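Participant:
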Amino acid sequence: MQPQVTPAVGGGAAPGRPARPSADLARHELRAARVLPLLCAAALATLMCAVPAVFSLGLDLAAGSVLLQLAAVLTALAVAFALDDPAAATTTACPSPWWLRRSVRLAVVLPALAAFWLLDVLLVRQAVTAELRPAFPTADLSVEALALTLVAVALGLAGLRFTVGQGGGLVAAGLLVIVVALTFLPQEAAFFATPDDGAQWDGAAARWRATAAVALIAAALLLPRPPGRRR
Amino acid sequence: MSTIQQPERARTAPPAPPGTGAGVRALALTEGRRLLRHPAFLGSLLLCVALWVYESVVAGSSGFPVLHDEDRLVQSQLLLIAAGTFLAVHLAAIRPARDGTEGWFLSLVLLPWQRAAALLLAVLPAALLTAVLAGARIGWLAAQPGAAGSPSPAELAAGPAAVLVAGTLAVLLGLITRSVAAGPIALACLAIVTVVGALFPFESWRWWGLIAVEDELHAALPSGLLHRPAGQHLLYLLLLALACATAALLRAGLKAASVRVLLAVSLAGVAVAGVLNARPAPDSLAAARQRALDAPSEGQTCVKEGELTYCAFPEFLDRHKEWARVSEGILRWVPGDARDPRYTVRQHITPVSESSLGQTTAPIDAWAEDDRKAGTSGAVAVGTAWGDGSDLGRDATGGFATAFAARVVTGEPARSGPQDALLCGGRSVLTLWLAGQAAPGTAEALRSRIDRSFGGLIGFGTVTTVETEQSDIDLAFRLLNLPAADVGAKAKAHWAELTAKDTSSAEAARLLGLDVPEQPDGYGKDSMCSPR
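Chains as they are written, first to last, in the numbering used here: chain G, 511 to 741; chain S, 1063 to 1594.
(1) Could you tell me whether the Cβ of residue 690 of chain G comes closer than 8 Å to any Cβ of chain S?
(2) Looking only at its chain, what residues have a beta carbon closer than 7 Å to the beta carbon of residue 1379 of chain S, apart from the 5 residues adjacent to it on each side?
(3) From what residue to what residue does the alpha helix (DSSP H) around residue 1281 of chain S run?
(4) Which residues of chain S have a Cβ atom closer than 9 Å to the Cβ of residue 547 of chain G, listed in chain order?
(5) Can you look up residue 1520 of chain S in the DSSP assignment and give me helix, strand or coil?
(6) Look at residue 1234 of chain S and residue 1313 of chain S and say whether their C-beta atoms are less than 8 Å apart.
(7) Assign residue 1192 of chain S to one of three DSSP states: helix, strand, or coil.
(8) Would residue 1254 of chain S count as contacting chain G if we go by Cβ distances under 8 Å?
(9) What residues from chain G crowd round residue 1424 of chain S, counting only those whose CB sits closer than 7 Å?
(10) Alpha carbons only, please: which of S:1284, S:1319, S:1563 is nearest the one belonging to residue 1358 of chain S?
(11) Indicate the three-state DSSP secondary structure (helix, strand or coil) for residue 1313 of chain S in the structure shown.
(12) Kindly provide the ranges of any alpha helix (DSSP H) runs that are 4 or more residues long and lie completely inside the segment 1381 to 1461 of chain S, ordered along the chain.
(13) If contacts are defined as beta-carbon pairs under 8 Å, then residue 555 of chain G and residue 535 of chain G qualify, I think. What distance do you get, rounded to the angstrom?
(14) Looking at the structure shown, is residue 1563 of chain S part of a helix, part of a strand, or coil, going by DSSP?
(15) Report yes or no: do the segment 1100 to 1116 of chain S and the segment 1132 to 1150 of chain S share at least 3 C-beta pairs separated by less than 8 Å?
(16) Quick check on residue 1343 of chain S: does DSSP put it in helix, strand or coil?
(17) Taking DSSP's pairing of strands, which residues face residue 1371 of chain S in a bridge?
(18) Quick one: Cα of residue 544 of chain G to Cα of residue 1338 of chain S, how far?
(19) Please state whether DSSP places residue 1173 of chain S in a helix, a strand or coil.
(20) Consult DSSP for residue 1484 of chain S and reduce its assignment to one of helix, strand or coil.
(21) Chain S partners of residue 645 of chain G, CB-CB under 7 Å?
(22) Taking Cβ-Cβ distances shorter than 9 Å, what residues in chain G pair up with residue 1106 of chain S?
(23) Applying a beta-carbon distance threshold of less than 7 Å, which residues of chain G neighbour residue 1113 of chain S?
(24) Below 6 Å CB to CB, which residues in the same chain sit around residue 1461 of chain S once its five sequence neighbours on both sides are set aside?
(25) Which one or two residues does DSSP pair with residue 1529 of chain S in a beta bridge?
(26) Taking only three categories from DSSP, how would you classify residue 569 of chain G?
(27) What is the rounded straight-line gap between the Cα of residue 1113 of chain S and the Cα of residue 694 of chain G?
(28) Here's a check: name, in chain order, each residue in its chain whose Cβ is nearer than 8 Å to the Cβ of residue 1118 of chain S, leaving out the five neighbours to either side.
(29) Should residue 1521 of chain S be counted as a contact of the ligand SAM given a C-beta to heavy atom distance under 7 Å?
(30) In chain G, which residues lie with their C-beta within 8 Å of the C-beta of residue 1149 of chain S?
(31) Please name the residues in the segment 572 to 601 of chain G whose beta-carbon is closer than 7 Å to at least one beta-carbon of chain S, in chain order.
(32) Which value, in whole angstroms, describes the spacing of the CA atoms of residue 673 of chain G and residue 649 of chain G?
(33) Would you say residue 1542 of chain S lies against chain G (beta-carbon separation less than 8 Å)?
(34) Between residue 611 of chain G and chain S, is any beta-carbon pair separated by less than 8 Å?
(35) Taking the alpha carbon of residue 1399 of chain S as the reference point, which residue from S:1556, S:1083, S:1109 has its own alpha carbon closest?
(36) Return the residue from the list G:657, G:722, G:632, G:653 that minimises the CA-CA distance to residue 562 of chain G.
Structure follows, in structure tokens:
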């Protein structure tokens, strides 16, 4: 009886099994994942970031950071859809554990997003007026983008838990409402500040770092949880 | 048999079977109820209301509202509800695809376009609810003490109209693509358009968006000096909603000629209204603004209360009660023979500048000329903002208190030179003490300004500026901790000495009853006030 319970990656070493089970898994997981929304959103964000660079509009720090923040929200929104798994009900029997399957998706999606983000940052930095460029808070904005992405991942995973693996992305759409609500927060607790206001910007950056940490823990806790039971 | 015949009939007969009007109505009612109970809609509604409650109850920053500005600010908060409506309606529109029931729906009595029509109709209750909320919000603000101006119905209706646009656009989107992700992404694009429009509050193309944001950091202007084609914009939004709705019906299979014509007409209307809105502001507006800035007296009404005269733009005239509270609180400690027989307070607007970095200075010389012509020489300037909840309001309140106290103490009106704004020595301490004790909240207003300032010199005021040194501020705040009646009596007794130009700050503080040690040599030598 013992060998059957072993939940090893890719099950036991059965004859004829591929040497690299996770690479094999990646192919299937990517096929099952919804990448079109992600690609659309990331392309849209990059397009948006390219506009001021192409027309050399000469942005100030505030406009540049708003642009990157919008790009970050747009891409984060689509991340959760990549975790959606309409076949969850049937793949429960699959020997690969949930955390591995989801990690495989994230391991493909997140680096791709990072590449898009790098492109966005370069484009916006290019559009920012030359003398202001050294002061452009690239690191803070990247943390912000990371935090938004992690929140989207955590919300998506939570959504998978509640909606039988189908509507994780939908729950993550709540991210949009959350972000809009954050923009209305009073100054003392603002998440969206302008870099011209140093103290407020630093406060907001600290809040984003805390958010990223909380979201990372939440995502790590939710990663191995199986989808909720069908009603 | 009948189970097979019915879908046949529904599919082949384009004209609706009898009684489907009732079916559409019933489905619209159900969808409307579902929309109102949808988590996205409810959540956005709660957020919007929570914002208002926070602003009014916790932050207390909604006092002294200017209603012809608030009607426009309400729109941006109602966009939250529009976003919730968009998500909820989009999910409802693609529900058959999500549940895999599209095929089954073919067997129902209602045709696809009739279900689309029901979905479109279901947006109406949400828009109505939004309209009620907008009305309640502005009504609540109008009931606040110190509310000025009157709201424009067209501005107020723009919020609910945006909800209609969001709902109809969501139905259209749900009929074009079945993707769940398309909803949030489209919504994010709408948000980007709105944010970009808000980044350029002086460009006329921002009227192509759902709402047109003004430069909200600028203090209120009289309603006549705003350029807001609100009625045309409302028409634009309604036509946009109509265009989305007809396009959705067309897409859902209602290919009647009347629908095509309606779509074409509404699209043409949208284009025309958009072009009309995006026309730049007329030159006469800039001229009127310049006139109101340089020579406000011709458009203002004056009211005499006690021995003071208050002149203000008619919409703001009621504010003179607040100004009177401050000025009387200052004058009560001024001996009768030191008073000017006719103090005047005149309201001024601040220059509207398109660049956020370019600090514009008030045309104080032009104001003095205007006051001379109007027979109110030496008038103290007061802005259009007021209040004790927001930074802008506190700055205005504290600024007016200091400006009036400085006018009383120095006996001279504000002047324009860079050095002229600086108050020194005993005059400075007395001015700050008078301003701080003038009315409840003025000390708090001064303190809030100090907390947000850097450097040795701190300027008070949003219209004209009074600058003082940090050391004088410290003395004045120590005086404010003493009973006002005691300090006031001493101020009255030693008025001539206190207001003399060569009285030092420490001497003045001692005269007012504060125990200040003799200053060591070299103290304050590098200050702006020390004699060179």
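All residues carry an ideal CB built from backbone N, CA and C; glycine is no exception. None of the values given here were measured: they were computed from a predicted structure.
Facilitator: According to the data block:
(1) On the first sequence, position 180 is the one that residue 690 of chain G refers to. Chain S, which has a Cβ nearer than 8 Å to the Cβ of residue 690 of chain G, makes this yes.
(2) The sequence position of residue 1379 of chain S within the second sequence is 317, counting from 1. Cβ neighbours of residue 1379 of chain S beyond the five flanking positions: 1363, 1365.
(3) Counting from 1 along the second sequence, the entry for residue 1281 of chain S is found at position 219. It is not in any alpha helix (DSSP H) - residue 1281 of chain S carries neither H nor E in the DSSP assignment.
(4) On the first sequence, residue 547 of chain G is found 37 positions in, with the first residue counted as 1. Per Cβ cutoff of 9 Å: 1241, 1242, 1243, 1244, 1246, 1247.
(5) If you number the second sequence from 1, residue 1520 of chain S lands on position 458. In the three-state reduction of the DSSP assignment, residue 1520 of chain S falls in the strand class, which pools E and B.
(6) Within the second sequence, the letter at position 172 stands for residue 1234 of chain S. Within the second sequence, the letter at position 251 stands for residue 1313 of chain S. Taking 8 Å as the Cβ cut-off, residue 1234 of chain S and residue 1313 of chain S qualify as a contacting pair.
(7) Here residue 1192 of chain S refers to the residue found at position 130 when the second sequence is read from its first residue. Three-state DSSP puts residue 1192 of chain S in a helix.
(8) In the second sequence, residue 1254 of chain S corresponds to position 192, counting from 1. Interface residue, yes.
(9) As a first step, residue 1424 of chain S is located in the second sequence; it is residue number 362 there, counting from the start. Simply none; closest approach about 23 Å.
(10) Position 296 of the second sequence holds residue 1358 of chain S. Here the closest residue by C-alpha is S:1284.
(11) Taking the first residue of the second sequence as 1, we reach residue 1313 of chain S at position 251. In the three-state reduction of the DSSP assignment, residue 1313 of chain S falls in the helix class, which pools H, G and I.
(12) 1382 to 1393, 1426 to 1436
(13) Mapped onto the first sequence, residue 555 of chain G falls at position 45. Mapped onto the first sequence, residue 535 of chain G falls at position 25. Wrong, their Cβ atoms sit about 29 Å apart, outside the cutoff.
(14) As a first step, residue 1563 of chain S must be located in the second sequence, where it is residue number 501. Residue 1563 of chain S: coil per DSSP, three-state reduction.
(15) yes
(16) Here the question's residue 1343 of chain S lines up with position 281 in the second sequence. DSSP places residue 1343 of chain S outside both helix and strand once states are collapsed to three, so it counts as coil.
(17) Start at 1 with the first residue of the second sequence, and residue 1371 of chain S comes out as number 309. DSSP lists S:1366, S:1406 as partners of residue 1371 of chain S.
(18) Within the first sequence, residue 544 of chain G is the residue found at index 34, counting from 1. Within the second sequence, residue 1338 of chain S is the residue found at index 276, counting from 1. Roughly 43 Å between the two C-alpha positions.
(19) The sequence position of residue 1173 of chain S within the second sequence is 111, counting from 1. Coil, per DSSP.
(20) As a working mapping, residue 1484 of chain S is identified with position 422 in the second sequence. It is a strand residue.
(21) The residue labelled residue 645 of chain G in the question sits at position 135 within the first sequence. What residue 645 of chain G touches in chain S: nothing, since even the nearest Cβ is about 15 Å away.
(22) Here residue 1106 of chain S is taken as the residue at index 44 of the second sequence, counted from 1. For residue 1106 of chain S, the chain G residues whose Cβ falls inside 9 Å of its Cβ are 687, 690, 691, in order along the chain.
(23) Along the second sequence, read from residue 1 onward, the residue named residue 1113 of chain S stands at position 51. Correct list: 694.
(24) Position 399 of the second sequence, counting from 1, holds the residue named residue 1461 of chain S. Taken in chain order, the residues that qualify are 1522, 1523, 1524.
(25) Here residue 1529 of chain S corresponds to residue number 467 of the second sequence, with the count starting at 1. For residue 1529 of chain S, which the question treats as bridged, DSSP gives the partners S:1484, S:1521.
(26) On the first sequence, position 59 is the one that residue 569 of chain G refers to. Taken through DSSP and simplified to helix, strand or coil, residue 569 of chain G comes out as strand.
(27) Here residue 1113 of chain S refers to the residue found at position 51 when the second sequence is read from its first residue. Here residue 694 of chain G refers to the residue found at position 184 when the first sequence is read from its first residue. Between residue 1113 of chain S and residue 694 of chain G, the C-alpha separation is close to 7 Å.
(28) Counting from 1 along the second sequence, the entry for residue 1118 of chain S is found at position 56. Contacts found: 1124, 1202.
(29) Among the components of this structure there are no ligands whatsoever, and the ligand SAM is therefore not found.
(30) Taking the first residue of the second sequence as position 1, residue 1149 of chain S is located at position 87. Chain G residues near residue 1149 of chain S: 683, 686, 687.
(31) If you check each beta-carbon in the segment 572 to 601 of chain G against every beta-carbon of chain S, the ones closer than 7 Å belong to 573, 576, 580, 583, 584, 587, 588, 591.
(32) Residue 673 of chain G sits at position 163 when you count from the first residue of the first sequence. Residue 649 of chain G sits at position 139 when you count from the first residue of the first sequence. When rounded, the distance between both Cα atoms is 36 Å.
(33) Along the second sequence, one-based indexing puts residue 1542 of chain S at 480. No, because no Cβ of chain G sits closer than 8 Å to the Cβ of residue 1542 of chain S.
(34) One-based indexing of the first sequence puts residue 611 of chain G at position 101. No, no contact with chain S.
(35) In the second sequence, residue 1399 of chain S corresponds to position 337, counting from 1. The candidate whose alpha carbon is nearest that of residue 1399 of chain S is S:1556.
(36) For the purposes of this step, residue 562 of chain G is taken as residue 52 along the first sequence, with counting starting at 1. Comparing Cα positions, the closest option is G:632.
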